[in-house]
Amino acid sequence: DKPILTDATPLDVQRLGISIIHQELNLLDELTVAQNIFLCREPVKRWGFIDFARMNEHARELLVGLVEEDIDPKRKVGDLKIAQKQMVEIAKATSFEVELLIMDEPTSVLTEKETVILFDLIRRLSTRGIAVVYISHRLKEIVDVCSAVTVLRDGHFVDTKDITDVTVRDIAEMMVGRVVQESSVTDFAGDPNEVMLEVTNVTDRLLKDVSFSVRKGEILGFSGLVGAGRTELMEIVFGIRTPESGSVLIEGRPVNIRSAMDAIKANLGFVTEDRKKTGLVLCRDITENVNYVTSLKNRGIFRGRKRTEENATSMIESLKIRCNGHDQTVNSLSGGNQQKVALAKWLLSDARILILDEPTRGVDVGARQEIYHIIKDLAESGIAVIVVSSDLAEVMNISQRVIVMHEGAITGTLANSELSESKIMHLAANV
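Take the sequence shown: its letter number 267 is residue 462 in this note's numbering, and every next letter is one higher.
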């Protein structure tokens with residue numbers, strides 16, 4: 196019974212009871228949580244002034260039961276972790292009477308517990324007669340929470356199936372149009388004495404006496420709940436944060452890394468969890484992005500456009516970046532290809548130790564497997580790879596060893612042959 200809209204604005208669509216949670220966060224960092232949730236819909240007092248007390252209380256009610264830890268509605272969104280921002284997006288989308296809720300990759304940065312909470316919310320919405328369109332590359336989630344699945348490939352409709360008629364593998368093969376070859380690794384078989392990176396007794400306001408090492412050619416995974424301190428630890432290793440105490444050795448030599456530039460000179464690379472905010476210059480082309488770190492590392496050495504274009508073309512070919520050429524702007528690439536560009540700039544800089552924080556966030560199943568194969572190939576070439584991921588299946592699939600953290604401390608280390616979801620979750624919850 197709804198009218199057909201042409202040239203509709205987001206507000207027009209919202210008035211019809213349609214809400215969307217975007218894959219890329221659509222929040223204003225300088226506004227509070229409550230202000231973001233009720234933007235342009237703020238409750239007002241008698242004389243037209245915003246009723247902040249009522250707005251904050253309503254925001255608090257929406258967030259209760261939706262997040263693992265309390266979020267202050269008066270806190271600036273820019274101060275939140277990505278997973279907390281995602282929950283604010285969900286609260287915003289459900290803050291008015293919706294008839295159709297579209298969710299685009301809503302769990303890409305959520306923990307297992309938060310994902311369970313979200314699925315419970317989706318089921319409650321469904322029982323109230325609210326239709327939910329759930330867009331995800333995490334195929335197990337599609338099977339767990341959806342009643343039907345529609346597959347698109349290269350912008351074209353492939354098929355719609357009742358969820359009881361398909362398996363995760365069936366969906367994956369419909370998506371990529373071929374049999375999916377899954378990547379898997381075994382226990383580390385290299386020289387245990389060839390330690391590339393050794394971190395000892397790192398402590399700050401969150402981290403508590405953390406020590407770990409990664410060996411040449413090893414893929415080391417880091418798992419844990421939101422707030423465990425995984426990203427913060429990697430930021431210390433890369434010089435973005437300064438610890439209160441602790442030391443770092445690279446190939447047995449003490450290093451004093453106090454900035455990202457120090458880390459780059461020490462042959463470290465860091466693919467950050469938010470590629471659009473801190474990993475890429477979106478308005479620039481592939482050539483500039485791929486050569487960015489190398490140009491910083493070799494400042495003062497002239498490299499002509501032809502050389503940088505050759506570098507970009509080489510990376511496009513080796514990483515199978517799907518694009519129209521090296522001069523294509525990065526913001527026009529798919530999420531998976533953007534991630535490959537973010538990875539390429541570090542490979543071109545000859546990084547010997549590579550930190551990947553949420554390496555397949557917002558990436559489709561085909562590109563995900565390609566990235567896994569790239570990681571495996573990098574390790575086989577002798578690069579030490581650290582993978583930080585909230586996706587348990589990913590950590591178990593790609594890591595040769597997994598370190599689990601809880602509230603700033605390491606609670607356990609598991610070899611690949613010891614890995615199971617229950618073991619990781621017990622260590623992550625410290626129970």
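Cβ atoms here follow ideal geometry from the backbone N, Cα and C, with glycine treated the same way. What you are looking at is a predicted structure, and each value in this text was computed from that prediction instead of being measured.
D457 carries a helical assignment under DSSP once its states are collapsed to helix, strand and coil. In the DSSP assignment, L305 falls outside any beta strand (DSSP E), carrying neither H nor E. In summary, R410 is buried, with 16 or more beta-carbon neighbours lying within 10 Å of its beta-carbon over all protein chains present. E504 and T482 have their C-alpha atoms spaced approximately 6 Å apart.
Minimum Cα-Cα distance from T359 among the listed residues A367, D339, T606 corresponds to D339.
For I232, the closest alpha carbon among the candidates L220, I312, I548 is that of L220. Of the candidates I297, R270, T608, the residue whose Cα lies closest to the Cα of G212 is I297. Each of E575, L614, M600, R249 was checked against the Cα of R425, and the nearest Cα belongs to M600.
P449 is bridged by DSSP to L444.
The beta carbon of E389 is closer than 7 Å to those of R410, K411 in its chain, skipping five residues each way along the sequence. The straight-line gap separating the alpha-carbon atoms of N486 and L543 is approximately 7 Å.
For R596, DSSP records a beta bridge to L415, A610. When the five nearest sequence neighbours on each side are left out, the beta carbons in the same chain lying within less than 8 Å of the beta carbon of I452 are those of V432, F433, G434, V443, A458, A461, L463, in order along the chain.
For R348, the uninterrupted beta strand (DSSP E) run begins and ends at 343-348, by DSSP. The residue from I593, L226, G273, R241 with its alpha-carbon nearest to that of N251 is L226. Within the model, the alpha-carbon separation for D522 versus E309 is close to 40 Å. About 18 Å separates the beta carbon of V597 from that of L573, a gap too long to meet the 8 Å contact definition. With the rule of 3 Cβ pairs closer than 8 Å, the stretch 328-339 counts as touching the stretch 355-370.
By the Cβ criterion, the stretch 564-573 is not in contact with the stretch 600-610, since fewer than three pairs of Cβ atoms, one from each stretch, lie closer than 8 Å. Close CB contacts of F417 within its chain, under the 6 Å cut and outside five residues either way in sequence, are with R425, V583, I598 (chain order). In this structure, the alpha-carbon of Q209 lies about 13 Å from that of P198. For the options R500, P438, G441, E427, the alpha carbon positioned closest to that of F465 is the one of E427.
Rounded to the nearest angstrom, the gap between the Cα atoms of A546 and I578 is 8 Å.
Scanning its chain for C-beta atoms nearer than 6 Å, with the 5 sequence neighbours on each side dropped, one finds around D399 the residues P438, E439, in chain order.
CA-to-CA, the gap between A229 and R502 works out to about 50 Å.
G561 is a Cβ neighbour of M370, given a cutoff of 8 Å. Restricting attention to Q595, D586, S612, N611, the CA atom closest to the CA of E307 is found in D586. Between E292 and A326 the beta-carbon gap is near 13 Å, outside 8 Å, which marks them as no contact.
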